[in-house]
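Undergrad:
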Amino acid sequence: MNGHDFAGKVALVTGGARGIGRAIVRAFAEAGADVAIADIRQEEAEATAREIRATTGRALLVVPMDVTSLESVQRGCAQVLEQFGKIDVLVNNAGWDRIVPFLQTTPELWEKVIAINYRGVIHTCYAVLPHMVARKQGSIVNISSDAAR
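Counted from 1, the sequence shown has number 49 at position 63 by this note's numbering; the numbering is strictly sequential.
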């Protein structure tokens, strides 16, 4: 995080098992934060946590989370709060798209994209914001996908 000190902070990263999310998890851990990796890919999330834990010594928690389900998100956020006591930063990184010409898409595809990329952000913000508002602090980072094209 280029000189930023996140010691004592807790970050929750959706879609943190691989790709950009994995890099975000690593950056927070290297900057001193404890990190919750929220992902539907449990095996990949566990592997990411083991690797980053081994190289940084930070506490990493793998949280099973399907951002399309408000109940799953609420359970996951409760697990993070139980483990770490707070959430200082929420990074909405989970996203999905199938890159095909629009006329080759279907309403089912549109619904999946909307459920993950749009409702997922709403679900996580809805679950985390009451905690941040009560603490009068916290930051949310929303990452847009190429589906916004």
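Glycine included, C-beta positions come from ideal geometry on N, C-alpha and C.
Using DSSP's beta-bridge definition, name the partner residues of asparagine -2.
TA: In the sequence shown, the residue the question calls residue -2 occupies position 12. Residue identity differs from the one stated: residue -2 is leucine in this sequence, not asparagine. Partner(s): Ala22 and Leu76.
Undergrad: Please name the residue, chosen from Ala113, Ala22, Asp52 and Ile26, that lies closest to isoleucine 38 on a Cα-to-Cα basis.
TA: Position 52 of the sequence shown, counted from the first residue, corresponds to residue 38. Taking only the C-alpha atoms, the option nearest isoleucine 38 is Ala22.
Undergrad: Report the residue ranges of all alpha helix (DSSP H) runs contained in full by the stretch 73 to 113; include only those spanning at least 4 residues, in chain order.
TA: DSSP runs (the alpha helix (DSSP H)) wholly in the stretch 73 to 113: 93 to 100.
Undergrad: Near threonine 42, what residues of its chain come up, given a Cβ to Cβ distance below 6 Å and the 5 sequence neighbours on each side ignored?
TA: Start at 1 with the first residue of the sequence shown, and residue 42 comes out as number 56. Here the set comprises Ala15 and Glu16.
Undergrad: Between glycine 81 and threonine 34, which are expected to be in contact by the criterion C-beta below 8 Å, what is the C-beta distance as a whole number of angstroms?
TA: Working through the sequence shown from its first residue, we reach residue 81 at position 95. Working through the sequence shown from its first residue, we reach residue 34 at position 48. Actually they are not in contact, since the Cβ atoms of glycine 81 and threonine 34 sit about 17 Å apart, beyond 8 Å.
Undergrad: Just verifying my parser: in three-state terms, what is the DSSP assignment at serine 55?
TA: The residue you call residue 55 lines up with position 69 of the sequence shown. Serine 55: coil per DSSP, three-state reduction.
Undergrad: If you compare alpha carbons, which of Asp20, Tyr112 and Glu97 is closest to serine 58?
TA: If you number the sequence shown from 1, residue 58 lands on position 72. Of the listed residues, the one whose Cα sits closest to serine 58 is Tyr112.
Undergrad: From this set, Ile126, Ala31 and Val75, which residue's C-alpha is nearest lysine -5's C-alpha?
TA: Against the sequence shown, residue -5 aligns to sequence position 9. Of Ile126, Ala31 and Val75, the residue nearest in Cα terms is Val75.
Undergrad: Look at alanine 154 and glycine 62 and say whether their C-beta atoms are less than 8 Å apart.
TA: As shown, the chain starts at -13 and ends at 135. That puts residue 154 outside it, with no answer to give.
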